Structures are given as C-alpha cells and as structure tokens.
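Please read the structure below before turning to the comments.
Chains as they are written, first to last, in the numbering used here: chain R, 430 to 774; chain X, 430 to 774; chain P, 430 to 774; chain G, 430 to 774.
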C-alpha cells in the first residue's frame, strides 16, 4: 500500500517513518515538511544516512501526489493538522487519514476549543473520526476512513481504567499522577528541555489542567457510559522515553480485589499489546515497544486501588499505535511491523 | 566542639562529613567504619584527596575516644545503629547523639519492629530520642541529648502536611505519590541501581507499604493530635538526588484555598529553610541545599488540594538536617555551615 | 535452523537472544545459565513477559540437547567460555560455535595468557577459530565451524584502520582515544557502575594496557602484514550504549587526504553495515544498530589524520555482529534479522 | 569590596553570582542583563527564591553605578564583552575588570579576529589584560587592573602542559583529546543540547580547529618560550559539568618517567587547587570545585606520555577561577569563598 507522511521532523514523526520504512506492506511515497523541504530527512536525522535518501517535499509538491496514495499520516502540531486535513480532502476526498495530533480526538468541539485554544476549522468532520485505540474501538477502526490517534497520556490512562469503569467496580473519583520523559515535548529547542535543565530534575506541570484530561473523560463516557471525577497530574522526570501512570481510585463496596484481576483478564487476555503483570512494571519494560504493562494493587489500610501503567510515549503513545490502526484498517496482522521489542537497553 | 562520625562510607555519611569539615565550629575527631578501617576516607571518595587525610578507624579504636567527644553522628544502617548507641552509652552515657537511621524515629516499638523487621535492643531509650525536625520540634531539640534524624520521605511529607493537619482544614484521607532519585539507596552495589538499569526508567516500589508511612502518621499525631488515613506510594526516577512529593488531599467544607496559603505563611514565614513558593517547584530548586520548597494548588473541578514539595534527600532529607539539629543543640546560628546553595547545576 | 545459547543473563546475551527470537530462520531451542537455571528469562528481563516463556536450563540439562543443534552461541565470561567449548565439543564435535568471549580471538596463546590471566585449556583449537569480522574475513567465515566474535573496541578500531594499513598510507604510530558507555561492563552489580557514580562522570581506565590492544595489532598484522606501534586509551563516559573511537595517526609523505576517502570507498562501498560519512558521526547515529560510521579528517597544521568511528557496543560490538556471522555461515542474507535501525532515541 | 556583574543569565554567570553571594568580602551591588532587565534573577533561576531578590538592571541603569564599584565581572558572550569594556572604561577608567569572555585572552589580535570572527574594538587595551591563570601569572595578577579569565579547555590543558614544556622534557608534538559536558554551551535553547539529543550520545566537534587552540599555544609560548605543534580535538559527552583532557605527547630522549612527577611536585606542591594524583582522576573528583586533578602515565611500549587532567568547566574553567583572581588582586586568602568541595554527588 502507498502511504505519505506530513510533518516528519519531530521525534514522533521520525519514529513513525522508521517503522513505516521496515513495514513489509508499506511503500512510503513521500514525506512532506514545509519547514525542511528540499533536503533529505537524513540531514535532520543523520542516523538514516545511507538508509533513506528521500528528499522532504513541501505541501504544494505533496498535493498532486495525494491522489496516488492509499493513506496519509499526519504528524503535525495541534491546530495545524486540521488545516492540512481540510486541504487534503479537497484534493482527495477518499483518502484514508491517520492524524496523530489532538485536532480530531475530542468530539465536543467546545471542549476542544477551550483546551486547545483554536477555532476548529473542520467541525463537520470531527464526528467522522474514530478514536484510534484498537483495544476499545477495533471494529470501528477496521471500517474507518479517518482515525484520530490517541494522545500519549490518555493511552496510558484509558487502557487501565476502561475495564473497571465498564464493569462499574470503582468509584468515579480518580486521581492520576503521571510521569513522562521529555521526548514527548518534541525536538524543538526549548531552554527547559536542555540536558543540563532536565538532568536530576523532577517536577509537576500544568497543574491548572491538561488537555489530555477531557480526552480521557470523553472516551470513558463514550465507551462505558460512566462519568468520572477526574484529576490528572502530569510530571516531568529526567528521562527521554516513557510514560508511567499511577492511578489512585477506590473499590466500590463489596468488590473484592481479586475481581479486578479477573476483569482485566477477561478484557485483555487476547490483546497482543496489553500485559497485565504480576509485578510492578517499569517504563524500561515497554521502552521502544508498542506494549502497555498494567498492574493493579490494593491497599487495604486506606481502601485504595492503585493501578500502575507504563507505555512508550513515542510508540504505543503515538507512532506504533498509528501503525496498529493502519494494520487494522487494511486487514493486516495487527502486530505487523510493530512487534519490535528488540532492546532491553 | 568535638564530634565523631560512625559509618562514613555511604552517600549520606559522605555528605555529612564534607559538611562537617567546613563547619566553622566543628572539629571532626574521627570517623569510624568497621568495613573500611585502616584506610583514608579519600581512598573511597577520591574527591577528598589532598583535603582530608584521616584514616578510618574501627569501632574498637573509636571506643576510648568517645569520652573526649561532645557529639557523635551515626550514619549507619537501620538495625545496626541501635547496637552502636548501646555500646556508645556504656562508654560515655552523657554523649550527645544524632542518629540518622530509623532506629529511634518511631516511638511505638511494635510498629518499629513490624516495619523494620528487627527486635529493638534499646527499647528503654526510644522515648529519650527527639524527632529531629526543627520546624516542628525546635525547642525540644535545643535541650535534647538524643536526636532521631527524620527519614528523607517523611521530611518531604510532614513539612507540607503539618500546618494543614494542625489547623484541621483538610480531610484525614491523604495520598502521597513520591518520586526519589537513587542516591537514597546508598552506595552499595545492587544490580537494580546500575546506570544502565536506572537510565530512562521510572517505576513504583514498596506498594505493600513503606516504613516511612508509620513515621509520618505518628509524627502528625504527636504534633497535631490528628489521625490520618494515609497512602504513601514511592517511585524511583532516573535521577541521583532529589525527592518530589505530590500530595493529594481534600479541603474540608467551607475552607477556601486562600486560607491554605495563609496558614503556610503563619507557620513558615520565619523559617530559614522552608519556602512556600508561588510557582511549581522542582527538585533542581533544592538540589544540594537544606531547603524545602512547598507549593499548594487547588483543583476546583475535582475539589482536590494538591501540594508539591521538593527536598534534597541527602541534605534536608539526611545530613544537613542533622547539622541543623546540632546547630540548635549548641546554640549556633541554625543555618551555620549548611547555607550552601552554591549550585544550580 | 536450531540454535542454543549459553550464558544469557548479561546485557550482551540478552541482546543476542532478543535478536534471535525475531530472526526468521532461527529456532531458539534452549538458553543455558548455571547461575539462573530453573526460572524463565523473563524473570530476569521482565520486558520479555508474555513474549518468551522458556525456562533457563543448566549446562547438565543442556548437554544431551547439543546433538540436535546446528549452532551454539556462547555469551559467557572470558576464561569460562573455553571450558564450555571443550565440554560441548566432547558431546558434539561437529557443532558450529560462535563464541562472544575473548578466549579464541588471539592466536598467540602466550599473549592471550598474559592479557587474560588464564591458562588456555584448549590451545589446540585456537587456530581453528576464525575472527568474526565479516568485512575482513567474510569468505573464511562462510566456511568456518568456529567463530571468535570480535571485541567491541577492536571492531570500532580495526574497521577504520584496516584499509589504511592495508594500503600503507599511514605511519605505524597510532593512538586511539576511545570512549565507551557502561553497558559493556555487563549487568553485574559493581559500585563503580551505580547510576550515582556514572552520572556526570568521565574518566580513563586501564592505562597500563587493555586486552583489546593485542587483538587489534594481531588482526591488522594478519590481514595486512603491517606492524603497528599502537596506543589504546579507553575512557568511560556517562552513557549506557555506544563506543566512540578517535584515532590519531600521521599520513605518510606524499599521500593526499583525498586518497583516504578513495581508499575507504574502495574497501567499503559494498558493505551493508559500514558508512563512511561526510559529517562527524556520533554514537547516537549507530545506537541499537549493527552499523559502523567512519569519518576521516585531516589537520594540516599538525599533519595529523584523525579518524572518528562509532558503533553500538552491544550490537556491532557483540550480538548483532555474531548474527551477521551466523547469516554468512548459513548463506542467509547478511543483513537478515539485524537490519533493525528503528530508533533515533 | 563592591562588585558588579554584567551578563548573569548563563550557567557561568549564575555560578559566579552564587559564589559571590557567599563570599565574605564581597558586596554584590548590581547585576546587569539587557535581555532580562526588570525582573529578579530568581525568576530565571528559581533556586534563588527567598535568597536573592535583586532586580536585574540594564546597562544604562548600570552605567552611573560603575563609579561606586571596586571591580566588575563580565560574563558576556565573546564579541559583546569588548563593547562593554569600552563603555565601562569611559565611565570609570580606574575600575578593575575580570572578563570571562575570550575577547582579551589572545594578545595576537590577528589570531583573535581569525578565530572569533570579530573585528576587535579595543585593540589598544588587549596588552593591558593579564591572563588570569593564577598558577602561572600569580604575581602579575596581584597587580593587574584587567584580567582575561582563561577558557575552560585551556585551563585543563595549560596546567598539565606548562611545567613539562617549561622544563623542556617533552617533544613539541602534543595531541589533546578532550571531553566536555554540555553546560559549557550555555543556557541557550539549541536543538543539539536537548536532553533527548545528549543522552547516550558522544561525538567530536570543531575538527577544523577550536579557538581554544591558539590560546593554549600563545600562553605556553609566553610562559616558557617554547613552541608547540598542537592538535586539540574536543568531544561532547552526555554530561552537564566536567572537562576531561587526555594529553598525548612523547618524552624526550633520556628523560625518565619519574622525572615528570618530580617536575609536577616542584611546580605544584604549594598550589591549593592543583592535585597531582597517584590514581587516574575523573571529572567527578572535581565537579563543583575549583580544583584541577592531574595524572601522568607513561606507556613504554609506545614511548608515549599520557597525561589526564580534570576540571569543572563552570568553576576552575570559569567562575571560581575568576574569584581566585579577585582574591589575588585584593590580597585575600586565595581560597576564600571558593573552597567549596561539599559534594561528591
């Protein structure tokens, strides 16, 4: 199949491209980047030298080539992505799209505009986008034309929460203390992400609320009908890859802790990329893989259910999940090209 | 004044010694280490080469020299420390002691024995130890012979919790998600703390409960009379120094968020080492200093008070706090020798 | 083909196994580890949970299964490996062996015994081992029964030196200042490789000579006939993966700098894993890949040729090179299963 | 004494200020920063919160206050510093100046202009500047009005080279392979110094020559009369602080290796901040201190003298050395305020 990529110069886009390059069913037709058009991607990512010599093209050059594609991936900033979707559909209204930005994740457009600070330029299409979390929306994804690929934090939070909310075994009050490496902030030069600033440094941020919060609440509502009283508290840790979510909630009266593991087994036993572990997971367990590791624990003294979940923010939190969606849309084996757990270090 | 140190070869002991070496009122008479006696400390910490040539002595050599001391610091493992206190007091019953281990922190000996797994060998002395948190026990510390220096996590948790529990403005249910660097685990060779294991790795540990939990609950009870329903959830982050505690609790009905800051100001305005900040602190703000930075935030949507607190685990969490206690005991300026905020990096 | 692995618990062994697990032509029959037999490898490397459930067996259990194998990999410590080779050949004298230790790399047994400090227990077999550097010994490797897989540093040094020594364009005096991450030291708990020791720390080691020195000199002599006056100066840098060799030598009179690049092109243009770059490479360029990046520069003022070379110590410096050798021995595409440049971060 | 600082927002300037704040003889009158005037320094370096509330002033506000000063420190970019020196001297021609930039280090103005790429605006003053390396120029520094504070790399290279060149015991051919952390590049947002780029990455840079090269050659010539055939090869390692110089040279015929140590002892035995060690030093040995550790080794096989030297780039390589110079100029104890070896980690 023929795919194109818009916006290849960030860490997420780069990760997506290297995965696509080795995907046995994919021919990568072009990569478009207005900020770096005219140079080969290997000038930006020298690791690709001798492996990938395609020249980045700008969006004007990309336009006429859209008709020959089966699918386009958008790895663009929020707010920019929707502009491109608009243009792309004008050229090729049948093109399949997997958008890695937040522009089409939230169905409630008012909420989107509040949290992202943009007027949505393609309101009428939002409802055509399927939320690309295969474990929850697999059948819809298979038939979808448009995919809104989930955010990294939401992926790490929804997967552990969904089965429990769906079964109604936990209270609606949920606190998530999440820790992320800095690669999620992208490859843009920012003082706060300099090596000397990040090393030996841990801190909270976005205490006034994070745009990933409404995404989680809306998806849980959509899939389970349940409302949440949700507090999301993100932190930066001195790491490049990895998201670790520590979820604090309360078991409903009469629910035994054993029931939790039963529920997880029922929901996830057949899932290739979800592992409910008998041990406390670490981000190292999932770095550079498409997997999520989930581990529930119960603190009797304080009657709290604590669930730990770990993902790689650039993989299951972005690019390999995008390919998992593509695999579903085209009937490939769901793990094709993303079963890449080669590296412990 | 003449001081000695037992147990100098861990990171905490080493930090204590380098601070003592520059303390203008201190003469460091000897350092005792049974595992490394006979060699200079600079063989273990080559940074000290040309600066400090004392030979480490074993505890037998140390014994006769105890009588000439004013104060002894113990930087020994839990369970070992109480053995030494026993021996020391047989030689010099009037010696002042600052113990950095957990052996005399918990007044409830049953609780101590449960969490630390040792039979206490000096039960009758536990109640003579004062908990060495100057901001709470300053006046008692001034007159104390024996100090139990607080644990690193408890220091980071008690200081933000105490004023609010004391004023009764928060519910008893408190969840603390804490993140620590690995220097707290000491300088012992353990596979899990190898560089390659720690880099790019974040994970929870001790989910079944941590011995620092009863310490916090007991001190809050002792100082405020209030009971807590306390969940402590520690995590390792890929860092050497630093503890970051994210505290989740609920404001009692009728208490305004503004009241919180007022309370903090009332309790801590005069404290040299407590800073209630207008910004979200980071561990970098306090690395290599004796300070604690505290920042309360209020999430209206979820009605939660979230308090962030940051300390350096080896400084305010151990050695510089020990010296702060010594300063109080001897009537020195409380900041003498520990006002060492020289380094941003 | 059926392969087994001895010694799986170090970083090199682990990397070898994860590559073998995804190699399309390989069935991994067993992994033998005397120190950890009876437990699944995923207990040691939790990342493998749900992916690989084989139980590690001890060498006694492994013995009877040797007959059914085509090839065995040894990822054992120096000095131990030769013992196992001896035992293995008693059971199955026709078995192909790829040994990742240093036991069979050096043909001069006196030199081996001097540098490694062991009496060699299988002197008579040393000359049957082919040095497994495909770019130099490809045709011999194809027909070999026994492979001595090169050391990590020698791989990074021989590949840039060989063409120039072979063409006789540089003086025999060569200084190499090499920098390595700490994963090469293995997963054994050693104080000096604790995270807190390694972070922000750079230092030289083995200044009295490193066992990789005679390996380089002997191979250059064997392949080019030329002698070297060789100084190897290794350093530790605060990194997990990566070796960076900075090679200082002098162009012979009358040789132009342009000739150097010509020579490299002649020798390496057809090599899948050697890239002679137009830019200064970094270890990041080759991390988690089987590639070596080489870049020669010429300093006219000081008449010095400086060559930079970068490899991943666990990949081209150990495990993926071992598989490259296997691919050659069995007539597979040389890049099969090791063309894994998926990750920039 | 009354001092001012221009250019306080980089890591070097920040380090200088925190040292000055605790210097017992210094009153820090103002800090001037045109890019951040009007805000307190603690807004940029939140660690200073509650410790230092001075508002940064712009250079116009600073001007009238220059007359009341004894000394001004300039922690400004190369090329900018000389502009300020010009302005400052117009206001107060008697003011003492310690300039941390490269603008007045090189007496050969042609060389300066070639390497720095600027026309020098104050050529006539260059010869009035004394090179602020106390171990070589102590007596001149004591009487100087103007100090050109040495570069970080030159400090790490000149100190080990000077005694040997002065005694004429080594050949003029010298190769230095140096490794530096990234804090030397400052606090400016640059993509290449993002945490994700630096972690697990090592590489050479400036292979075409580095401006620190002529500085070393000129100072060695000035102090010893000897010429050098000098190759300087700098590298970035994934570290924040620290410079490690590995110096490769050849002993002259008839010079014994023991003579080297004798020479070092003769030159440096009385130096408070130079330690010639019996062990291989590491950057950790000198991090956050004003010391340099030097260790010569001799490789008989290759007849090479290899000298390792380690400094902290922000301390002895910049700010604490600047204060050492100030101490000399004012007759204070040379170690006053910079004997700050508090931290192993």
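We treat Cβ as the ideally placed atom computed from N, Cα and C, and that holds for glycine. Remember, predicted model here, so these are calculated numbers, not experimental data.
> Mind pulling the chain R residues with CB within less than 7 Å of residue 633 of chain X?
Replying inline: Indexing the second chain from 1 puts residue 633 of chain X at position 204. Listed by position along chain R, the residues whose Cβ is nearer than 7 Å to that of residue 633 of chain X are 675, 709, 737.
> Apart from the five residues just before and just after residue 660 of chain X, which ones in its own chain have a Cβ nearer than 6 Å to its Cβ?
Replying inline: Stepping through the second chain from its first residue, residue 660 of chain X is reached at position 231. The residues are 604.
> How would you list, in chain order, the residues of chain P whose beta-carbon sits under 7 Å from the beta-carbon of residue 659 of chain G?
Replying inline: Here residue 659 of chain G refers to the residue found at position 230 of the fourth chain. Listed along the chain, the chain P residues whose CB falls inside 7 Å of the CB of residue 659 of chain G are 731.
>> By DSSP's criteria, residue 623 of chain P is part of a beta bridge. Which residues make up the other side?
In response: In the third chain, residue 623 of chain P corresponds to position 194, counting from 1. Paired residue(s): X/623.
>> Which residues in chain P have a C-beta closer than 9 Å to the C-beta of residue 616 of chain X? List them in chain order.
In response: Position 187 of the second chain holds residue 616 of chain X. In chain order: 620, 623, 625, 626.
>> Short of 8 Å in beta carbon distance, which residues of its chain neighbour residue 498 of chain P, apart from the five on each side in sequence? Order them along the chain.
In response: Translated into positions along the third chain, residue 498 of chain P becomes position 69. Excluding residues within five positions, the ones whose Cβ falls inside 8 Å are 431, 432, 433, 458, 521, 524.
> Under 8 Å between C-beta atoms, does residue 474 of chain G make it to chain R?
Replying inline: Residue numbering aside, residue 474 of chain G sits at position 45 when the fourth chain is read from its first letter. It does not; no Cβ of chain R falls within 8 Å.
> Going by the beta-carbon positions, is the gap between residue 552 of chain G and residue 570 of chain G smaller than 8 Å?
Replying inline: The count along the fourth chain starts at 1 and reaches residue 552 of chain G at position 123. The count along the fourth chain starts at 1 and reaches residue 570 of chain G at position 141. No. Outside cutoff.
> At a CB-CB cut-off below 8 Å, which residues of chain G make contact with residue 770 of chain X?
Replying inline: The residue given as residue 770 of chain X occupies position 341 in the second chain. Listed along chain G, the residues sitting closer than 8 Å to residue 770 of chain X by beta-carbon distance are 447, 476, 477, 480.
> Would you call the region 543-550 of chain G and the region 585-592 of chain G touching, i.e. three or more CB-CB distances under 8 Å?
Replying inline: no
>> Restricting to Cα atoms, I'd like to know which of G/644, G/516, G/584 is closest to residue 722 of chain G.
In response: Position 293 of the fourth chain, counting from 1, holds the residue named residue 722 of chain G. The option with the nearest alpha carbon to residue 722 of chain G is G/584.
> When burial is assigned at 16 or more other CB atoms within 10 Å of the CB, is residue 730 of chain G buried or exposed?
Replying inline: If you number the fourth chain from 1, residue 730 of chain G lands on position 301. Under this definition residue 730 of chain G is an exposed residue.
> Where DSSP assigns a beta bridge to residue 725 of chain P, which residues make up the other side?
Replying inline: The residue you call residue 725 of chain P lines up with position 296 of the third chain. DSSP lists P/736 as partners of residue 725 of chain P.
> For residue 679 of chain X, which residues from the same chain have a beta carbon less than 7 Å from its beta carbon, with the 5 sequence-adjacent residues on both sides left out?
Replying inline: Within the second chain, residue 679 of chain X is the residue found at index 250, counting from 1. Excluding the 5 residues flanking it on each side, residue 679 of chain X has same chain C-beta neighbours closer than 7 Å at 599, 600, 602, 732, 733, 734, in chain order.
> Between which two residues does the beta strand (DSSP E) containing residue 751 of chain P stretch?
Replying inline: The residue you call residue 751 of chain P lines up with position 322 of the third chain. DSSP places residue 751 of chain P in no beta strand (DSSP E) but in the uninterrupted alpha helix (DSSP H) bounded by 748-758.
>> Going by DSSP, what residue range makes up the beta strand (DSSP E) through residue 560 of chain P?
In response: In the third chain, counting from the first residue as 1, residue 560 of chain P sits at position 131. Here the beta strand (DSSP E) through residue 560 of chain P covers 558-560.
>> Helix, strand or coil, according to DSSP, for residue 632 of chain G in the structure here?
In response: Counting from 1 along the fourth chain, the entry for residue 632 of chain G is found at position 203. It is a strand residue.
> Can you give the beta carbon distance from residue 641 of chain X to residue 575 of chain X, rounded, assuming they're within the 8 Å contact cut?
Replying inline: Numbered from 1 along the second chain, position 212 holds the residue referred to as residue 641 of chain X. Numbered from 1 along the second chain, position 146 holds the residue referred to as residue 575 of chain X. Not confirmed; about 20 Å, so no contact.
> Between the region 748-763 of chain X and the region 684-692 of chain X, do at least 3 Cβ pairs fall closer than 8 Å?
Replying inline: no
> Which same chain residues, not among the five before or five after residue 632 of chain P, have their C-beta less than 7 Å away from its C-beta?
Replying inline: Taking the first residue of the third chain as position 1, residue 632 of chain P is located at position 203. Around residue 632 of chain P: 664, 665.
> Which ranges does the alpha helix (DSSP H) cover as unbroken runs of at least 4 residues, wholly within the region 505-539 of chain X, from first to last along the chain?
Replying inline: 510-520
> Could you give the distance in angstroms between the alpha-carbon of residue 527 of chain P and the alpha-carbon of residue 578 of chain P?
Replying inline: Reading the third chain from its first residue, position 98 is the one you call residue 527 of chain P. Reading the third chain from its first residue, position 149 is the one you call residue 578 of chain P. The alpha-carbon atoms of residue 527 of chain P and residue 578 of chain P are separated by roughly 7 Å.
>> So, with DSSP's three-state summary, where would you put residue 704 of chain X?
In response: On the second chain, residue 704 of chain X is found 275 positions in, with the first residue counted as 1. In the structure shown, residue 704 of chain X sits in a strand (DSSP, three-state: E or B).
>> To test your reading of the DSSP string, which unbroken alpha helix (DSSP H) runs of 4 or more residues are found completely within the region 547-599 of chain R?
In response: 552-555, 563-572, 581-596
>> Could you give the first and the last residue of the continuous beta strand (DSSP E) run that contains residue 648 of chain G?
In response: Looking up residue 648 of chain G in the fourth chain gives position 219. From DSSP, residue 648 of chain G is part of no beta strand (DSSP E) but of the alpha helix (DSSP H) over 641-653.
> Using a C-beta cutoff of 8 Å, does residue 406 of chain R count as contacting chain X?
Replying inline: Nothing in the structure corresponds to residue 406 of chain R, since chain R is present only between 430 and 774.
>> So if DSSP puts residue 543 of chain G in a beta bridge, which residue, or which two residues, is it bridged to?
In response: Along the fourth chain, one-based indexing puts residue 543 of chain G at 114. DSSP lists no partner for residue 543 of chain G.
> Mind checking if residue 578 of chain X is an interface residue toward chain R, Cβ cutoff 8 Å exclusive?
Replying inline: Counted from its first residue, the second chain places residue 578 of chain X at position 149. The C-beta of residue 578 of chain X comes no closer than 8 Å to any C-beta of chain R.
>> So, under 8 Å CB-CB, residue 481 of chain G and residue 450 of chain G are touching, yes? Tell me the CB distance rounded to an integer number of Å.
In response: What you label residue 481 of chain G is simply residue 52 of the fourth chain in a count that begins at 1. What you label residue 450 of chain G is simply residue 21 of the fourth chain in a count that begins at 1. Yes, they are in contact, since the Cβ atoms of residue 481 of chain G and residue 450 of chain G sit about 6 Å apart, within 8 Å.
> Which residues does DSSP pair with residue 432 of chain P in a beta bridge?
Replying inline: One-based indexing of the third chain puts residue 432 of chain P at position 3. DSSP lists P/457, P/500 as partners of residue 432 of chain P.
>> Within 8 Å of any Cβ in chain G, is that where the Cβ of residue 555 of chain P sits?
In response: Within the third chain, the letter at position 126 stands for residue 555 of chain P. No, no contact with chain G.
>> Less than 8 Å between CB atoms is the rule here; does residue 773 of chain G satisfy it with respect to chain R?
In response: As a first step, residue 773 of chain G must be located in the fourth chain, where it is residue number 344. Not an interface residue.
> Name the DSSP beta bridge partners of residue 677 of chain X, please?
Replying inline: Reading the second chain from its first residue, position 248 is the one you call residue 677 of chain X. Residue 677 of chain X is bridged to X/604, X/735.
>> I'd like to know whether the C-beta of residue 690 of chain R is nearer than 8 Å to at least one C-beta of chain P.
In response: What you label residue 690 of chain R is simply residue 261 of the first chain in a count that begins at 1. Chain P, which has no Cβ nearer than 8 Å to the Cβ of residue 690 of chain R, makes this no.
> Who pairs with residue 662 of chain P in a beta bridge, going by DSSP?
Replying inline: On the third chain, position 233 is the one that residue 662 of chain P refers to. Looking at the DSSP assignment, residue 662 of chain P forms a beta bridge with P/606.
> Since residue 436 of chain X and residue 491 of chain X are thought to touch, with beta carbons under 8 Å apart, how far apart are those beta carbons, to the nearest angstrom?
Replying inline: The count along the second chain starts at 1 and reaches residue 436 of chain X at position 7. The count along the second chain starts at 1 and reaches residue 491 of chain X at position 62. With a Cβ gap of about 11 Å, residue 436 of chain X and residue 491 of chain X do not count as contacting.
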